[in-house]
Structure formats: C-alpha cells, structure tokens
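Right, one structure below, let's go through it.
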Amino acid sequence: MAKFPKPEELSNIDFAPPRKGWMDLPVEFKPGMFCHGSKPKSLEAVGFPNPRDWKPADADWKLPENWKEIIIEGIAERLRKYRSFRLFMDICVRCGACADKCHFFIGTGDPKNMPVLRAELIRSVYRKEFTTAGKILGKMAGARELTLDVLKEWWYYFYQCTECRRCSVFCPYGIDQAEITIIGRELLNLLGLNIEWIAGPVANCYMKGNHLGLEPHTIVGNLEYMLDDIETITGKRIKPTFNRKGAEILFVTPSGDLFADPGTYTAMGYMMLFEELGLDYTWSTYASEGGNFGFFTSNEMAKRLNAKLYAEAKRLGVKYIIGGECGHMWRVIHQYMDTWQGPADFLEVPKSPITGTVFENARSTKMIHIAEFTADLIKNNKLKLDAKRNDHLKVTWHDSCNTARGMGILEEPRYILRNVVNNFFEMPEDTIREKTFCCGSGSGLNASEDTDLRMKGGLPRANAVKFVHDRHGVNMLANICAIDRATLPPLMDYWVPGVKVAGLHELVANALVMKGEKERTTDLRGEPLPGLEQKEEKAS
Amino acid sequence: MRVLVSFIAVLLLVVIAYAGVEAANLRFLFGVIIPYAAFIIFVGGMIVRVLKWGSSPVPFRIPTTCGQEKSLPWIKQDKLENPSGLLGVIGRMALEVLFFRSLFRNLKTQLSDGPRLAYGEAKWLWLAGMAFHWSFLIVLIRHLRFFTEKVLVPIQMIEGLDSFLQVGAPLLYLTDLVLLAAVFYLFLRRIGIPQMRYLSLINDYFPLFLIFGIALTGVLMRYFTKTDIVSVKVLAMGLVSFKPAIPEGIGVLFYIHLFLLSALLAYFPMSKLVHLGGVFLSPTRNLANNNRMKRHVNPWNYPVHVHTYQEYEDDFREKMKGAGIPVEKE
Ligand code: SF4
Ligand code: SF4
Chain A
0 MAKFPKPEEL SNIDFAPPRK GWMDLPVEFK PGMFCHGSKP KSLEAVGFPN
50 PRDWKPADAD WKLPENWKEI IIEGIAERLR KYRSFRLFMD ICVRCGACAD
100 KCHFFIGTGD PKNMPVLRAE LIRSVYRKEF TTAGKILGKM AGARELTLDV
150 LKEWWYYFYQ CTECRRCSVF CPYGIDQAEI TIIGRELLNL LGLNIEWIAG
200 PVANCYMKGN HLGLEPHTIV GNLEYMLDDI ETITGKRIKP TFNRKGAEIL
250 FVTPSGDLFA DPGTYTAMGY MMLFEELGLD YTWSTYASEG GNFGFFTSNE
300 MAKRLNAKLY AEAKRLGVKY IIGGECGHMW RVIHQYMDTW QGPADFLEVP
350 KSPITGTVFE NARSTKMIHI AEFTADLIKN NKLKLDAKRN DHLKVTWHDS
400 CNTARGMGIL EEPRYILRNV VNNFFEMPED TIREKTFCCG SGSGLNASED
450 TDLRMKGGLP RANAVKFVHD RHGVNMLANI CAIDRATLPP LMDYWVPGVK
500 VAGLHELVAN ALVMKGEKER TTDLRGEPLP GLEQKEEKAS
Chain B
0 MRVLVSFIAV LLLVVIAYAG VEAANLRFLF GVIIPYAAFI IFVGGMIVRV
50 LKWGSSPVPF RIPTTCGQEK SLPWIKQDKL ENPSGLLGVI GRMALEVLFF
100 RSLFRNLKTQ LSDGPRLAYG EAKWLWLAGM AFHWSFLIVL IRHLRFFTEK
150 VLVPIQMIEG LDSFLQVGAP LLYLTDLVLL AAVFYLFLRR IGIPQMRYLS
200 LINDYFPLFL IFGIALTGVL MRYFTKTDIV SVKVLAMGLV SFKPAIPEGI
250 GVLFYIHLFL LSALLAYFPM SKLVHLGGVF LSPTRNLANN NRMKRHVNPW
300 NYPVHVHTYQ EYEDDFREKM KGAGIPVEKE
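Chains as they are written, first to last, in numbering that gives the first Met the number 0: chain A, 0 to 539; chain B, 0 to 329.
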C-alpha cells in the first residue's frame, strides 16, 4: 500500500485504444488488477474440478490436457441451456452504447473493459466454434481460436466485471454482460480457475453456513457483543433466539453484518427494530448467510448454497422469511431461489404481524426484503421515530446494482430514509436508481490484492458522492448491501475522505424511540448525538 | 484495414453484377435465380436462427429492471420500466422495438480534471438509429408498389407523405435522403470515435457499405438514370407470381441494385442483422419482474448436492450446545 498511487495519479486515465487490434493483443497481468487464484482446499471442499496450487501470473496454469475440449463442450452445453447466452452471442451490433457505461472502463480506459469487448472475448470463440461463417472465414468474420492466451484474457476480464448490469440498461437489446460474465466464470470454473476470494467463502458457506466461516458459537458471541453495545446505548438488554423451532419468522442476513463494522451497526439496527416490535423471529446459525458467492462461481454452486434457506425454514417450521440488507443476495432470492428450490408450499404468504399487510409481491417466494417490511411499518405509523437523532448526518443514498437492476427496490429505502433522517441529498440523476454505479468491488472482487482495480472501478460511484459531499456536505453514504458496507469505506477514504458508510437499518435504529429506553446520548457508533456534545463535555 | 476489406467486398459484388449482366449477359441468373435463392436463404436462415434461439429455454426470469418494482400498494410502480404483468411487458417491448427506448437513455461519460465525471446527453446514436431503421422500413414498404397490379392505397399514402416536399421530378422521397445520411453517420461514427473504431469488425462495416450501395443504386435509378419502371414492375410481378420473365430494357444499374439486395438477404441470417428477430426474444426485456409473485419453472432444474442441517449439526453439536443453541440430537 505504501506505493499506492495518489488519487490524482489514478484518475489520470488514458482512453486512447492501443495501436494493435484487440484480438492480437495478449493480456497483460497488471499487479493490483486481479485476485489470487483459488486454493486447492477451497475447491476440494465443494468437489470442484482441478484443485491445485496455481498463480494467475504464472505461465503454467496446470490445466488438464483436454482443457480446450472441456471449455468448448461447456460452451455448447450452456448454449443449449440458456437462451440468453445464445441470443447475446448472436445479436450484438457493436453499437457501443454500452461502452462508456461500465465503471471499469471509465476507471481504467482499457478497451477490453467496454462491456461489448468483454463479450467479444468469448463471442469471437463462439463464432469460430459454432458458426459456419466463423469456421470458414475466421478472423474476417470476427472469429478466433481458443488459445491459452485467450483463456487467460477471459480470466482477467471476467474477474474485472462485477456483474452489475449497468451495461444492460443501455443496450438496445438488453444484452447483459453480467449474464455473459456469469457464464464465462462458470466455464473457467470447469478448469478450477476461480479466485480464492470467492472460492474460500464458497467453501466456508457450504460447510459452516456462512462466507466468513463463523461457527455457531462465534455467531452467538458476535451478537452478544452487539447486544452489550445496544444495552450501553439504550439501556435495554435484547435476547434474540437462534435456531428456534416454531418462530413465526426466520431472519437471514449476509454474514458480513455479523462480523465487522459498519455492518455490525446494521445488525444492531435489525435487532433493535425487531425487539421494539416484539417480533416472533429467530436467527439461524445453519442458514447464517443471505449472500451467495456461489452465484459468482456457477449456477449449480449458487443453488447448492442457497438451498439451506428453505431447508432451514422448513425444519424450524416458520411461516416466512425476512431477508436483511444485501445486494446480490437479493438478486438471487428474487430472480433465482423460487425457480431452484420452490415451490415453497410449506411456507405462508408473508403477512406483517404488526400491520396486517399481506405482501402480495412475495406471494410465491415467501420471502420479503426488510426494507419492504420497515417501509410498511412506517407507513402505518407503527414506529416512533426521532429523525433529529440523525441530524449530525448528511446522508446520500447508494442504490446497489443488484437491488436496482435485478429487482427494482428503489422507493422503499428512500421512503424509510426520509422518515429517519432530516438531511437527505440525492446524487446526480445519471448515477442513481437504474443507472446507479457499482461500488467497484461486487461479485466477489472485494479482496485486498486487487485494490487498484477496486479504486479505479469505484471512481464513478465515488465521484458522484464527492459531488454531493462538496455541494451539500454529505458525510454519510447509506445503502442496503453488505458488500457496499465492506467496500465503500476504503473507497470513500481514498476518493472522498470524510464520508462514512451506513446500512439503512443503522439509521432506522438511531431514530427509533424504543419503549423504556434510557435517554440516548450517542448513536449506534458511540458518537455523541447532536446537541448532546456539550452536555457530554460539561459532564466530563 | 477492416474498412477497406468491407469496401472492396461490396465493390466486388458490384463488379460481379456488372460483369455478369453486361459482359456475360446472365440476366436470368441475376434477375431471377439469385434473387430467389437469396430469398430462400433469408427466410430459411431466419427460421433456423429463431428456432435455434427458441430451442434453448429461458431457465430463469432475469429482466433488467429499470424502475421501481411492484411492491406495496402505496408505492408507485414504474409499469413500463419494471413491468409485473403482460400488459407492461408488451408496453416495454413496444417502446424498445418501435422507439429504441434503451438507446434513448444513452449518455456520454466525460472525465475532466479534479477528477470530475460528467454525463452528457448523447442522443445522436438514437436519432441515427431511428432514422436509419424507420426510413429503411418505409423505403421497403414503398417498394411494394412493384409487387401488386394496382398500387395499394396505403402505399400511395406513404408515398405521398414521403414526398411531401414536392421537389424534383420525379418527386424526391425524404426517406431516401434520410437513409443515406443515417448510414453515412453510422459509418462516420464507427471510424471517427477511437473506441468505436477499435471494437468494430468487418461484420460491422460490410453491412453498412452494402446497405449504402443498395440505397445509392436505388437513388441513382430513380433520380438520375430514370430506369424503365414498367419493365422493372414486369420483372417483379413475374417473380412474385412464380412466372419469372426478363423483360427488355432494364439497365445494368438495376441488376446491381438487385444483386446487392440479394447479397444482403443471404448475409442477413448469419450476421448481426438477426437482431431484427432477436430483439423480441431478449429475456432481460421481455419478461415481467414478478419473480416473487409467480414461480418461474426451469425445465432443466436438477437436484444438487447440499450440506444438510444434520451434517452441520454433526460437525458442530458440542459447540452449539455450549452456546445454548438447541440441537436435534442430544
Ligand atoms: S449496447 Fe448492446 S448491441 Fe450495442 S455494443 Fe453494447 S452489447 Fe452490443
Ligand atoms: S455488468 Fe457491470 S461490470 Fe460487467 S461489463 Fe457490464 S457494466 Fe461492466
């Protein structure tokens, strides 16, 4: 980190494409721009092929003899299985509308980070192997041979895409590079070419229930710490339950919320809210992960990890599930879970025990987003809120890629936010909602060895925050995503020092007036509440 | 290089047609056989293409949502950008197909010192795309006059509108101009913007030149060489009534026009031009975002290995008991 370039240097981006055509330009592994290769034990834990020690920058990737066959057969299989893939291989007109929409292209200027070229990396091989024109005309038809260099290029650039779908919003045919990256990574995984930052959490999640590998007693212990803090702040001792049969609701959140701040403040927020409502809910140490790094590996792995949500709901006999704040977790739950594991006929259509609202929009999947749940509470006046307690914060809202473009939960969090804070400023229109910018570290790229990549890819997001920071003095970036809570703080420190990051329910809990609580002097972070700084000083 | 190859390829097509008709006098080949063959390839090829797409299922419902989802009744859903039912999907698709909704969103990202990123309006691509596709369609429809005994009323109306400027003799059709201009712009854009030039393939330049050639020969015939329209109509009628005949008096320019069109038709199904059909099938656009309301079925869904709760408890039973977590087996 010592030699890490300054923001002024990093933002000096060269957009001039190289002289040499992209097909003939072998990939160069630039330090800081890629992650460590997967370790054998992580692949073994889930029975993935080709576990071995390898380094992405090494010449020899220790691939099986017939690697090429495996990939070509893999492509053929996926063409048969996914209309999206087949279609996206055929219909791109290379209009370039998607080109400057990708945060990685904006942040690096590397033409292969234009979504269209990222797709061409694989499309060129598709043409060679699966189209008559490509077979006969070769390069004239935009086709090229699959070589080791090409494979390496795939690896480098498919792990420089956060599957954020921003390109897809602008494409006239809805071509979704996220979908192509997902399939591209699936192919790479056939050869054991994952990154450890994904493979490790996947193995953890499979064996221990969550990405971080928190064992049951550790989960309880971590929550105990938070409960201590809550007691200090509110004077109330909360006693959540774990793996409790017969609870009405199973609550699942990404394990990041149980592990490190600022995610832990969000977790405190959930518990305070549920306590105040007297909600009959339980945590699970088995289904202790809402997120799903399997989704960044293969469809099958995602399904294997996701299975425990319904399985645990069934075992505990709950009525439905509430899910915490997480981005890709919600893409998976919203667009995949029911298809994989349903029908969830052992659950009931979610109905808020507090307001009686029936969540018709979750009629089949039977899982609701906590922002939907809380928005409904506020709308029905079930919460006593004192937004002044957040007056030390000037907040802006980051829409997470997956919840924005793979679901569309845009207004619920804003509605909540307006009720719990007094100072809320939107970032520029072209950088929020469906046009929101990725944190630059999604889809499992939030490692430390690829910090250059993350800071570059995060530039567009950070720059929009900087805009409201400079103009309105925004000092808090709120969101509903655990990866955001982990990755935005360093991004802010780098590009917009002075801006902190919070989950939505941290701010809710700050404002939430609980029955019988003592007069609060600090927020959940232990920082003095506005107007009380002086009191504190006098006291001390 | 890629530009040159594409240009030469189209030029070659012109030369072939010229030589075939003028030197070798293969009028029947160029006037009847090749057009028939091209048409068959086009129709057959497109059917194969669509069947191929159709043969792959849509395992997951993955619309790209571009607005507020349907959730609580008091939250206003964006029914067109994030539809939850058939009507909304039809609306969304209509906007996409007829008005290129997503392209309309286009922005230009600019980085200046600071660093400061700005996103400017960038509607030219949308405008050129609209101008190109719509004028192409209208030109095509106008050509139907060659295929019916009497020119149909709707076609007359379109012709009337298209020539409303009332200049020139024969009257100038606006779409002829617009089509040429739009194709030219799309070409300029490809070679003018460094990134566009970098990512463009022969597959991109070739159809542009081809379409430009078709439009140009058409314009030359109509406004400059004054081709014998009556004979052309006889030929066209012969083709559609399967009684092909080659009337006298059709200039070589017409055969070039027809040959380039044949080339376009034959090229169509194996090129990116299949987006004409593909746009309707795109699963990120043509599906309702009602995932949690209505279960989507994946035809190839298969059982997978999972780590069951029992296995988990076996791994951690003592630790769970120690932490006061209930277990199934004591
Ligand atoms: S916007 Fe769509 S069609 Fe245009 S280049 Fe990108 S992926 Fe291809
Ligand atoms: S999905 Fe996101 S990261 Fe990937 S190519 Fe598209 S815009 Fe870039």
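We put the beta carbon where it would ideally sit given N, CA and C, even for glycine.
Any non-hydrogen atom of ligand 1 within 7 Å of residue i CB
i, result
"ALA198 of chain A", "no"
"PHE279 of chain B", "no"
"VAL96 of chain B", "no"
"ALA96 of chain A", "yes"
"TYR172 of chain A", "yes"
"PHE169 of chain A", "yes"
"VAL467 of chain A", "no"
"ARG93 of chain A", "yes"
Where residue i sits in the DSSP three-state scheme
i, result
"SER230 of chain B", "helix"
"LYS38 of chain A", "coil"
"TYR172 of chain A", "coil"
"ALA361 of chain A", "helix"
"PHE241 of chain A", "strand"
"HIS391 of chain A", "coil"
"TYR17 of chain B", "helix"
"MET92 of chain B", "helix"
"GLN159 of chain A", "coil"
"ARG316 of chain B", "helix"
"ALA56 of chain A", "coil"
"HIS468 of chain A", "helix"
"GLY217 of chain B", "helix"
"TYR311 of chain B", "helix"
heavy atom of ligand 2 below 7 Å from residue i C-beta
i, result
"ARG165 of chain A", "yes"
"LYS434 of chain A", "no"
"ARG117 of chain A", "yes"
"GLU162 of chain A", "yes"
"LYS100 of chain A", "yes"
"GLN334 of chain A", "no"
"PRO114 of chain A", "yes"
"THR174 of chain B", "no"
"THR402 of chain A", "no"
"THR180 of chain A", "yes"
"ALA540 of chain A", "In the structure as shown, chain A starts at 0 and stops at 539, and residue 540 of chain A therefore has no counterpart that could be examined."
"CYS437 of chain A", "yes"
"ALA214 of chain B", "no"
"GLY103 of chain A", "It should be noted that the sequence gives Phe, not Gly, for residue 103 of chain A. Yes."
Sequence-distant residues of its chain with Cβ nearer than 6 Å to residue i (five each side left out)
i, result
"LYS465 of chain A", "VAL495"
"ILE105 of chain A", "PRO459"
"ILE90 of chain A", "TYR172"
Burial state of residue i, where buried means 16 or more other Cβ atoms lie within 10 Å
i, result
"SER244 of chain B", "Before going further, note that residue 244 of chain B is Ala rather than Ser in the sequence given. Classification for ALA244 of chain B: exposed."
"VAL357 of chain A", "exposed"
"PRO412 of chain A", "buried"
"PRO302 of chain B", "exposed"
"ALA1 of chain A", "Its pLDDT being 46, under 50, ALA1 of chain A is placed unreliably by the model, and nothing is read from it."
"TYR224 of chain A", "exposed"
"GLU43 of chain A", "exposed"
"GLY87 of chain B", "buried"
"HIS306 of chain B", "buried"
"LYS75 of chain B", "exposed"
"GLY30 of chain B", "buried"
Cut-off 7 Å between Cβ atoms - residues of its own chain near residue i, not counting five sequence neighbours on either side
i, result
"GLY183 of chain A", "ILE121, TRP153 and PHE157"
Nonlocal neighbours in the same chain, by C-beta distance under 8 Å from residue i, ignoring five residues either side
i, result
"GLU185 of chain A", "GLY73, ARG77, THR296, SER297 and ASN298"
"THR364 of chain A", "ILE332, HIS333, MET336, ASP337, GLY341 and ALA343"
"PHE258 of chain A", "LEU211, LEU213 and ASN221"
"PHE84 of chain A", "ARG77, LEU78, GLU178, ILE179 and ILE182"
Can you confirm whether the stretch 434 to 449 of chain A touches the stretch 471 to 483 of chain A when touching is taken to mean that 3 or more C-beta pairs between the two stretches lie within less than 8 Å? Because the criterion of three Cβ pairs below 8 Å is met, the stretch 471 to 483 of chain A and the stretch 434 to 449 of chain A touch.
Given 8 Å as the limit, is there contact between the stretch 182 to 199 of chain A and the stretch 286 to 296 of chain A, that is, 3 or more CB pairs closer than that? As far as the Cβ criterion goes, the stretch 182 to 199 of chain A touches the stretch 286 to 296 of chain A, which means the pair count is three or higher.
Between the stretch 117 to 124 of chain B and the stretch 13 to 32 of chain A, do three or more beta carbon pairs fall short of 8 Å? Too few Cβ pairs lie closer than 8 Å, so no.
Is there contact between the stretch 234 to 254 of chain B and the stretch 284 to 299 of chain B, where contact requires at least three CB pairs shorter than 8 Å? Cβ pair count under 8 Å is below three, so no.
Indicate whether the contact test is met: 3 or more Cβ pairs, each with one atom in the stretch 198 to 213 of chain B and one in the stretch 230 to 237 of chain B, closer than 8 Å. With the cut-off at 8 Å, the stretch 198 to 213 of chain B and the stretch 230 to 237 of chain B do not touch.
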